[in-house]
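Notes for the one structure printed next.
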Amino acid sequence: MNSAILLDLLGIALFAATGALSASRKELDIIGFLFLATVTGIGGGTARDLILGVPVFWVEQPLYILICAVTAAGVFFTAHLLESRYRLLLWLDAVALAAYGVFGAYKGLLVTGSPIIAVVMGMLTGTLGGILRDVLAGEPSVLMRKEIYITAVLAGGLIYVATSLAGLALPLAAGAGFAVALFIRSGALAFGWS
Amino acid sequence: MNSAILLDLLGIALFAATGALSASRKELDIIGFLFLATVTGIGGGTARDLILGVPVFWVEQPLYILICAVTAAGVFFTAHLLESRYRLLLWLDAVALAAYGVFGAYKGLLVTGSPIIAVVMGMLTGTLGGILRDVLAGEPSVLMRKEIYITAVLAGGLIYVATSLAGLALPLAAGAGFAVALFIRSGALAFGWS
Amino acid sequence: MNSAILLDLLGIALFAATGALSASRKELDIIGFLFLATVTGIGGGTARDLILGVPVFWVEQPLYILICAVTAAGVFFTAHLLESRYRLLLWLDAVALAAYGVFGAYKGLLVTGSPIIAVVMGMLTGTLGGILRDVLAGEPSVLMRKEIYITAVLAGGLIYVATSLAGLALPLAAGAGFAVALFIRSGALAFGWS
Numbered sequence: 006m007n008s009a010i011l012l013d014l015l016g017i018a019l020f021a022a023t024g025a026l027s028a029s030r031k032e033l034d035i036i037g038f039l040f041l042a043t044v045t046g047i048g049g050g051t052a053r054d055l056i057l058g059v060p061v062f063w064v065e066q067p068l069y070i071l072i073c074a075v076t077a078a079g080v081f082f083t084a085h086l087l088e089s090r091y092r093l094l095l096w097l098d099a100v101a102l103a104a105y106g107v108f109g110a111y112k113g114l115l116v117t118g119s120p121i122i123a124v125v126m127g128m129l130t131g132t133l134g135g136i137l138r139d140v141l142a143g144e145p146s147v148l149m150r151k152e153i154y155i156t157a158v159l160a161g162g163l164i165y166v167a168t169s170l171a172g173l174a175l176p177l178a179a180g181a182g183f184a185v186a187l188f189i190r191s192g193a194l195a196f197g198w199s
Numbered sequence: 006m007n008s009a010i011l012l013d014l015l016g017i018a019l020f021a022a023t024g025a026l027s028a029s030r031k032e033l034d035i036i037g038f039l040f041l042a043t044v045t046g047i048g049g050g051t052a053r054d055l056i057l058g059v060p061v062f063w064v065e066q067p068l069y070i071l072i073c074a075v076t077a078a079g080v081f082f083t084a085h086l087l088e089s090r091y092r093l094l095l096w097l098d099a100v101a102l103a104a105y106g107v108f109g110a111y112k113g114l115l116v117t118g119s120p121i122i123a124v125v126m127g128m129l130t131g132t133l134g135g136i137l138r139d140v141l142a143g144e145p146s147v148l149m150r151k152e153i154y155i156t157a158v159l160a161g162g163l164i165y166v167a168t169s170l171a172g173l174a175l176p177l178a179a180g181a182g183f184a185v186a187l188f189i190r191s192g193a194l195a196f197g198w199s
Numbered sequence: 006m007n008s009a010i011l012l013d014l015l016g017i018a019l020f021a022a023t024g025a026l027s028a029s030r031k032e033l034d035i036i037g038f039l040f041l042a043t044v045t046g047i048g049g050g051t052a053r054d055l056i057l058g059v060p061v062f063w064v065e066q067p068l069y070i071l072i073c074a075v076t077a078a079g080v081f082f083t084a085h086l087l088e089s090r091y092r093l094l095l096w097l098d099a100v101a102l103a104a105y106g107v108f109g110a111y112k113g114l115l116v117t118g119s120p121i122i123a124v125v126m127g128m129l130t131g132t133l134g135g136i137l138r139d140v141l142a143g144e145p146s147v148l149m150r151k152e153i154y155i156t157a158v159l160a161g162g163l164i165y166v167a168t169s170l171a172g173l174a175l176p177l178a179a180g181a182g183f184a185v186a187l188f189i190r191s192g193a194l195a196f197g198w199s
């Protein structure tokens, strides 16, 4: 398993978990958990693949749907144990944003070869799942919060694309992009960077 | 005309009617009726076809747009006669959800052969039109209501896929899926099942 | 540069400016400006190309992304000088609606040859960017305002398609559609036509 696949799975599973936590906050039933987890988990990647003109990843490999479903079920049976579901949602969303954003930039670069498209694809892939989650749950979008959000995924994508074009090996370039994005978003969450 | 086409037309026309009823509640002009009816009528199927990678149905056959337009006009001239437009909207939405959800599962199975994708496509096709309608009209999404909604379309899709793979003829499998989905959603509406 | 390309660039740049003005109203940082400007600028055309089954325009030509970025930066450094950002947003949106709506009809007709699809594509291309902008910024959709909106883009598309099929040269047909759409929407804004 290469490092890109790792970011892909991490992003999808964690975004699915944030969708399930959102369902928990809205006191939906288990089907609501499955639905919101799946839409959040696969939303960004679906738009990415459509725009890139490649087959949608989960239509090719339904296993991704099962990952979302299992994650949703896990959250369904444990979320009531948490003290602050929204706090956890924000932190999982931060890791997912960093991972899935870099994976989006990776796939965008792979398919088009254009650094600009790669960076835009990273932002789109990283943010769309969360946007759909918030719109569907009727909550204010995480994008509109005061502290830094989009900047983190943009920086991660830029670092990945720049180091990758400079010849850095995939695990290092992907790791650097992920670390930078996560560092920025974590600082925003922990210290209110804005 | 086979039974799948019947479900397709039923779903599109009724979803269009719910969009028009939503426009009526918002006191839009006739163009607003046409717009909201068309988006609601063709929204779910459009996303389904894009994700499946097949030509979008109404681009191939513009007649579907005319069905939405005629439905919108019909509602425009009669909706003021109704006592409760929202009640009617919910019931038409229920039949449309059942019909279009099963048709989505049918098309998903036809194109990909995967039962998982078929069930997901059923849910997507059945729910997206209503989601777009509610987001555009600025109303709380029907998905977030307390009583059962997504479960109905999921059950209908599962029944259709299971009976279809078991060898049941199309009219029977489609009819069974439709009946189950409508039964569950009707119970939710009539008796508040949740 | 033919007249269709002019409408395309005008629509994208002005929609991007409205997205940036919306970011300014929400007091977002410069990255928020870039994001909202880009989504608003390219949103309608992206959906149009996906539905028509042609390559997405900005994936083919990343220059469009740069146009949105430059526009966003320009608004970022000047928007605080304005007395009423929302008023300007509405007027830029009017010109963008007229330009991009006619370009959408032009491309729809070019690709499918169907007048109905062309008119629908004009409406979709003209309105979707603004819808995404308002949904993301959490503001009431411009579509739901009392004064005429969708009617303007519909009329512009109809005029373009009719005059174009009647054999009028592209600059004249496109100019006529643009002028009619802008006239109607301007009247709505200036005199409250509804």
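If you read the sequences in order, they're chains A, B and C.
Counting in the working numbering, the first sequence runs from 6 upward without gaps.
Counting in the working numbering, the second sequence runs from 6 upward without gaps.
Counting in the working numbering, the third sequence runs from 6 upward without gaps.
Think of the CB as a built atom: it goes at the ideal place given N, C-alpha and C, for glycine as much as any other residue.
Proximal residues of chain B, C-beta to C-beta of residue i below 8 angstroms
i, result
"Thr156 of chain C", "Asp34, Ile36"
"Gly134 of chain C", "Within chain B, no residue comes near Gly134 of chain C; the closest Cβ sits about 14 angstroms away, beyond 8 angstroms."
"Thr51 of chain A", "Ile56"
"Thr117 of chain C", "Val64"
Extent of the continuous alpha helix (DSSP H) to which residue i belongs
i, result
"Lys31 of chain A", "Note, Lys31 of chain A: premise wrong, no alpha helix (DSSP H); not H, not E."
"Ile189 of chain B", "175-196"
"Ile164 of chain A", "155-170"
"Gly134 of chain C", "120-142"
"Ala99 of chain A", "90-117"
"Gly79 of chain A", "68-83"
"Val59 of chain C", "Premise fails: Val59 of chain C is in no alpha helix (DSSP H) and is neither H nor E."
Chain B contact for residue i (CB, 8 angstroms cutoff)
i, result
"Val80 of chain A", "no"
"Val100 of chain A", "no"
"Val61 of chain A", "yes"
"Lys112 of chain A", "no"
Below-8 angstroms beta-carbon distance, residue i vs any chain A residue
i, result
"Ile47 of chain B", "no"
"Ile189 of chain B", "no"
"Ile10 of chain B", "no"
"Phe108 of chain C", "no"
"Val75 of chain C", "no"
"Phe20 of chain C", "no"
"Phe40 of chain C", "yes"
"Lys31 of chain C", "yes"
Closer than 9 angstroms at the beta carbon, the chain C residues around residue i
i, result
"Ser146 of chain A", "Val140, Leu141, Ala142, Gly143"
Proximity test, Cβ basis, 8 angstroms: residue i and chain C
i, result
"Ser27 of chain A", "no"
"Pro176 of chain B", "no"
Whole-Å CB distance - residue i paired with residue j, under 8 angstroms assumed
i, j, result
"Leu159 of chain B", "Met128 of chain B", "6 angstroms"
"Gly50 of chain B", "Cys73 of chain B", "The pair is not a contact, with the Cβ atoms about 11 angstroms apart (cut-off 8 angstroms)."
"Ile155 of chain B", "Phe40 of chain A", "5 angstroms"
"Thr168 of chain B", "Ala186 of chain B", "Actually they are not in contact, since the Cβ atoms of Thr168 of chain B and Ala186 of chain B sit about 13 angstroms apart, beyond 8 angstroms."
"Leu194 of chain C", "Glu152 of chain C", "7 angstroms"
"Ile136 of chain C", "Leu141 of chain B", "7 angstroms"
Candidates the options, of which the one nearest residue i by Cα
i, options, result
"Leu148 of chain C", "B:Leu170, B:Ile155, B:Val44", "B:Val44"
"Leu175 of chain B", "B:Ala110, B:Arg30, B:Val140, B:Arg53", "B:Ala110"
"Leu19 of chain A", "A:Val75, A:Lys31, A:Val100", "A:Val100"
"Ile17 of chain C", "C:Leu102, C:Gly79, C:Ser191", "C:Leu102"
"Asp98 of chain C", "C:Phe196, C:Ser191, C:Trp198", "C:Ser191"
"Arg90 of chain B", "B:Ala42, B:Val107, B:Thr23", "B:Thr23"
"Ile10 of chain C", "C:Ile36, C:Ala104, C:Arg92, C:Ser146", "C:Ala104"
"Gly131 of chain A", "A:Gly106, A:Phe196, A:Glu32, A:Gln66", "A:Gly106"
"Ile121 of chain B", "B:Ser146, B:Glu144, B:Leu163, B:Arg92", "B:Leu163"
"Val166 of chain B", "B:Leu57, B:Ala77, B:Thr117, B:Val140", "B:Thr117"
"Thr76 of chain C", "C:Ala123, C:Leu141, C:Leu15", "C:Leu15"
"Pro67 of chain A", "B:Arg30, B:Gly37, B:Leu57", "B:Leu57"
"Leu86 of chain A", "A:Phe183, A:Ser199, A:Ser29", "A:Ser29"
"Asp34 of chain B", "B:Glu65, B:Val64, B:Ala78", "B:Ala78"
"Asn7 of chain B", "B:Gly113, B:Phe188, B:Ala179", "B:Ala179"
"Tyr69 of chain C", "C:Arg150, C:Ala21, C:Phe183", "C:Ala21"
Listed by chain order, chain A residues near residue i by CB distance under 7 angstroms
i, result
"Leu159 of chain B", "Ile36"
Contacts of residue i in chain C (Cβ-Cβ under 7 angstroms)
i, result
"Ile70 of chain B", "Ile121, Val125"
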